[in-house]
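Contents: one structure, followed by commentary.
Protein chains: 2
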Amino acid sequence: MKHETIRLGHGSGGLLTSRLVKDIILKYFKSPVLKRLEDAAQITLKNTNLAFTTDSYVIDPIFFPGGDIGKLAICGTVNDLAMKGAIPKYISFSIIIEEGFAIKKLERILKSAEQAAHKAEVQVVCGDTKVVEKGKADNIFITTSGVGIIKLNLSKQRIRIGDIILLSGTIGDHGVAIINERLNLGLRSSIKSDVAPLNLLTKTLLKYKSSIHFMRDPTRGGIVSVLNEMVDGSKMGIIIREKDVPIKKEVIGATEILGIDPLYIANEGKFLCVVEKASAGKILKSMKSHILGKNAAVIGEVVKESGVWLETKIGGIHPLLQLEAEGLPRIC
Amino acid sequence: MKHETIRLGHGSGGLLTSRLVKDIILKYFKSPVLKRLEDAAQITLKNTNLAFTTDSYVIDPIFFPGGDIGKLAICGTVNDLAMKGAIPKYISFSIIIEEGFAIKKLERILKSAEQAAHKAEVQVVCGDTKVVEKGKADNIFITTSGVGIIKLNLSKQRIRIGDIILLSGTIGDHGVAIINERLNLGLRSSIKSDVAPLNLLTKTLLKYKSSIHFMRDPTRGGIVSVLNEMVDGSKMGIIIREKDVPIKKEVIGATEILGIDPLYIANEGKFLCVVEKASAGKILKSMKSHILGKNAAVIGEVVKESGVWLETKIGGIHPLLQLEAEGLPRIC
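Written out as structure tokens, the structure reads:
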């Protein structure tokens, strides 16, 4: 089947669908729960306080430096659970495929998704496969949902004036890697997407419990979107210092050429964390001791003045407004 | 916003996305959990034995007699949970929209989805919205996932020789309604999709506990697909009697004209139920007393001889083989 392409019949519920699922999909996703191929997976969660999330992935291109749509679909949903202070457990994986898509490419995506799931310590337990006519989708779209056990009580409502804003690492890597690949710019090929399962890092922070007030990963809209969300509807504001925001030199170079602002670019393996001032030092230290947080930094704090503000390198202060639209479609 | 269309920026994570979610989506989905717009919803389930499922809906046309893609996306996932013997509780709702899609149509779909969720007694608690360029999707695709509390222990492994096969109502309605609408055949416009939340019916059957061995709703591939799945990998077989399979006259008429077999056509509001013989009578009676089961019937039984068999109206017996492909793409 390796050299074949997806036909409409692969989505029809007949023998072709059955073979695609049993011969191709179950070759990669090995959960004994999934293997039963029931209408719904039976899962056990020894806790009644759960996190539930979903995301559709329509990224273009589907393969990019540092990952592909399969890895992204697992990590993105794992990260949404991690940001809720949860231990991610079970993932659903639903695919919409364009007729004519190479099964070899599908296998590459499934393999990469399974590797990401394994690394993130989650199980893919249920899924669905649909096929649409050529020209009615763009290669492949994946929607994942996830369930996890909530361990921290995080919410916007817990953010207080004086809280410290931590950023877990460099920003802009994912967005720049995608644009570079999509436009075939050939800019510094060393720039890779940062797509990674953040639960591996957040689980090392669970011990700080109530000192952590809020976490969110800056995907679409970048860190400016998340910072605005944090204080949206409240009377507080946030100030961040440009000089403290970690960005790789090659990413800065690329964004200057492209004329885009890294503060607005999507990331897939970083998060912002709002913590109480007294514990910020030790939480930062914990983050930095993990590979996924080695470039973590304190980038700002929650202040009385409403709005989101940037203190520039030369000392000016200007507002960081949320844009109408990011201008980079299909970045995740 | 009513007369506007979806723009790429509506999927970018900026202000446009925020407005679409707050002004349009939250107008229909009113769950207080969803309203928090967190990365993941916090849900509570007072049970550790859960069902988890997902399905993508790519149906064409998106509006059809008896429903639309929104109602279908809720009912389909609710039904997958119901078939697992679960009480459906929480639903995720993820949308991929083609640029240029009318917001008015989106509202119609969301309204219908929310009505179905309300009827099915489930809450939409999380979601996602992505937009792709014109020509890169077909109007709208929806992926829903669901979580529910398992109340019955159902599995293929519990099916025994001598068990009775119940069908909850007439077959073929959904498939014929879709084809009629898609091909603009104008065949007997009284044929409507049967799309409905089956949990309303299955919850009346929970009291029969261990007498119910297996349930499955015959969507893609029709009842023949499900019957084959039931005995696939076992040495048992199933025989069903043509005269006992409930089909509406107008559906028979339409399938004759179209040259398709209703036994292979998708349904969205019916299910097959395998029960122990001694309790079949009272379970059938319970089903028939509910509006969604009023045409329920005993259609066959599990037998020693392997394979799936049809006893025709004139007394012949022939095998019901699973087809390579159903031949009707995008039926759900």
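Just so you know, the protein sequences line up as chains A and B, in that order. Sequential numbering from 1 applies to the first sequence in this note's numbering. Sequential numbering from 1001 applies to the second sequence in this note's numbering. We treat Cβ as the ideally placed atom computed from N, Cα and C, and that holds for glycine.
By the neighbour-count criterion, in which 16 or more other beta carbons inside 10 Å mark a residue as buried, Ser1210(B) falls on the exposed side. CA-to-CA, the gap between Pro1218(B) and Leu1272(B) works out to about 7 Å. Per DSSP, reduced to three states, the secondary structure at Thr1202(B) is helical. Between the region 1157-1166 of chain B and the region 1037-1046 of chain B, the count of Cβ pairs shorter than 8 Å is below three; the stretches do not touch. Taking a Cβ-Cβ cut-off of 9 Å, the neighbours of Lys84(A) in chain B comprise Glu1038, Asp1039, Ala1040, Ala1041 and Gln1042, given in sequence order.
C-alpha of Thr1312(B) to C-alpha of Leu1320(B): approximately 11 Å in a straight line. Met1230(B) and Leu1015(B) have their C-alpha atoms roughly 50 Å apart.
According to the DSSP assignment, Asp128(A) belongs to no alpha helix (DSSP H) but to the beta strand (DSSP E) extending over Gln123 to Val132. Judged by DSSP secondary structure, Met1215(B) falls within the beta strand (DSSP E) whose first and last residues are Ile1212 to Arg1216.
Of the residues Ile1150(B), His1118(B), Ser1289(B) and Glu1301(B), the one whose Cα lies closest to the Cα of Cys1075(B) is His1118(B).
Counting only residues of its own chain and dropping the five nearest sequence neighbours on each side, Lys1035(B) has a CB closer than 7 Å to the CB of Leu1026.
Counting only the Cα atoms, Val1226(B) lies some 16 Å from Arg1160(B). With a threshold of 8 Å between beta carbons, Gly1013(B) makes contact with chain A. By the Cβ-count criterion, Pro1262(B) is buried, with 16 or more other Cβ atoms from all chains shown falling within 10 Å of its own Cβ. Beta-bridge analysis with DSSP links Tyr1090(B) to Gln1123(B) and Val1147(B). Under the Cβ criterion of 8 Å, Ser1056(B) is counted among the residues facing chain A.
Here the region 127-141 of chain A makes no contact with the region 1061-1071 of chain B; the two share fewer than three CB pairs at distances below 8 Å. Inside the region 22-84 of chain A, DSSP marks whole beta strand (DSSP E) runs of 3 or more residues at positions 41-44 and 49-57, from first to last along the chain. Contacts with chain B at 8 Å (Cβ-Cβ) include Phe141(A).
For Gly253(A), the uninterrupted alpha helix (DSSP H) segment begins and ends at Lys249 to Leu258.
Residues of the region 1004-1028 of chain B with a C-beta atom less than 8 Å from some C-beta of chain A are Arg1007, Leu1008, Gly1009, His1010, Gly1011, Ser1012, Gly1013, Gly1014, Leu1015, Leu1016, Thr1017 and Ser1018, listed in chain order. Contact of Glu305(A) with chain B is not assigned, every C-beta pair being separated by 8 Å or more. With respect to Arg330(A), Val58(A) sits close: the two C-beta atoms are nearer than 8 Å. In the three-state reduction of the DSSP assignment, Ala137(A) falls in the coil class. Nearest C-alpha to Ile1095(B) among Ile1212(B), Ala1073(B), Asn1079(B) and Ile1314(B): Ala1073(B).
Close to chain B, meaning a Cβ-Cβ distance shorter than 9 Å, is no residue of the region 165-193 of chain A at all. Gly85(A) is a Cβ neighbour of Lys151(A), given a cutoff of 8 Å. By the Cβ neighbour-count rule, His1010(B) is buried, with 16 or more other Cβ atoms within 10 Å of its own.
Taking 8 Å as the threshold, the shortest C-beta distance from Val1147(B) to chain A falls below it. Apart from the 5 residues on each side of it in sequence, Gly146(A) sits with its Cβ closer than 6 Å to the Cβ of Thr53, Thr77, Leu81, Pro88 and Ile91 in its chain, given in chain order. Asn1079(B) is a Cβ neighbour of Pro1197(B), given a cutoff of 8 Å. Beta bridge pairing from DSSP links Leu1166(B) with Cys1273(B) and Val1298(B).
Neighbours of Ser1225(B) in chain A, taken as residues whose beta carbon is under 8 Å from its own, are Gly13 and Gly14 in chain order. The beta carbon of Phe93(A) is closer than 6 Å to those of Val124, Gly127 and Thr144 in its chain, skipping five residues each way along the sequence. Residue contact with chain A for Arg1158(B): absent (no Cβ-Cβ distance below 8 Å to any residue of chain A).
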